[in-house]
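Residue 132 in the working numbering sits at position 129 of the sequence shown, with consecutive numbering throughout.
We treat Cβ as the ideally placed atom computed from N, Cα and C, and that holds for glycine.
Read through the structure below, which is laid out as C-alpha cells, and then see the notes.
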Amino acid sequence: MSRNVAISLRAFAIWLLIIGVEIVHGVLRTFYLAPYVGDFQARQIGVFTGSLLILAIAYLGVRWLRASTDAALLCVGPIWLALTLVFEFTFGPWVLGRPWDDLLLDFKIWRGGFFALGLLFLTLAPLLASRLRAHR
C-alpha cells in the first residue's frame with residue numbers, strides 16, 4: 004500500500020471519529036442549548052464549540068496520521084472537507100428531514116451563518132494540530 008493511500012485511509016478513520024463526535028455535539032446542542040438561545044444561535048455557537056472538538060481530535064490523531072509534511076497535511080483537510088460536505092448534504096435533508104433553506108442559511112456569513120468558517124477551520128485543522136503538537 005502506498006504512503007498516500009495509507010494516509011488517506013487514516014484521514015478517513017479520523018474523519019469518522021470527527022463526524023461521530025459532531026453528531027453527538029449536534030444532538031446535545033439541539034436538546035440543551037437551542038431551547039435557551041434558539042436553534043439558529045445555537046448552531047452559530049456550535050460552530051465554535053465544534054471547531055474546538057475538531058481541533059482536539061486532530062491534535063490527538065495527527066501523529067497517527069503520519070503525514071509528515073505541511074503539503075501532506077494540507078491534502079488531508081480537503082479530504083475532510085469533501086467528506087463533511089457530502090455528509091451534510093445527504094444526512095441533513097434526507098435523514099433528518101432538515102429543510103434545504105435552513106441548511107443553506109448556515110453557509111450565508113452575511114446572514115449570520117458561520118458554518119463556512121467552521122468548514123475552513125476543519126480544512127486547516129490537520130496543519131494547525133501538527134503545529135500545536137510541534138510547539139508544546
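**Prompt:** Between Asp105 and Arg114, what straight-line distance do the alpha-carbon atoms span, to the nearest angstrom?
**Reply:** For the purposes of this step, residue 105 is taken as the residue at position 102 of the sequence shown. For the purposes of this step, residue 114 is taken as the residue at position 111 of the sequence shown. Computed Cα separation, rounded: 12 Å.
inquiry  = So, for Gly116: in the same chain, excluding its five sequence neighbours on each side, which residues have a beta-carbon less than 7 Å away from its beta-carbon?
reply    = Sequence index remark: in the sequence shown, residue 116 carries index 113 (1-based). The answer, listed in chain order, is Leu108, Asp109 and Phe110.
Quick check: the segment 40 to 53 against the segment 81 to 96, are at least 3 beta-carbon pairs closer than 8 Å? Between the segment 81 to 96 and the segment 40 to 53, the count of Cβ pairs shorter than 8 Å is below three; the stretches do not touch.
**Message:** Let me check understanding here. Comparing Cα to Cα, which of Trp97, Leu99 and Leu76 lies closest to Leu125?
**Reply:** On the sequence shown, residue 125 is found 122 positions in, with the first residue counted as 1. Ranking the options by Cα distance to Leu125, first place goes to Leu76.
State the Cα-Cα distance for the pair Val8 and Cys78, rounded to the nearest angstrom.
On the sequence shown, position 5 is the one that residue 8 refers to. On the sequence shown, position 75 is the one that residue 78 refers to. Taking the straight line from one Cα to the other gives about 12 Å.
| said: Using CA atoms only, rank isn't needed, just tell me which of Ser5, Met4, Ile22 and Arg6 is closest to Ala85. | reply: Reading the sequence shown from its first residue, position 82 is the one you call residue 85. Here the closest residue by C-alpha is Ile22.
Return the chain-ordered ranges of every alpha helix (DSSP H) run that is complete within the segment 35 to 120 and spans a minimum of 4 residues.
-> Listed in chain order, they are 37 to 40, 42 to 68, 73 to 93 and 103 to 108.
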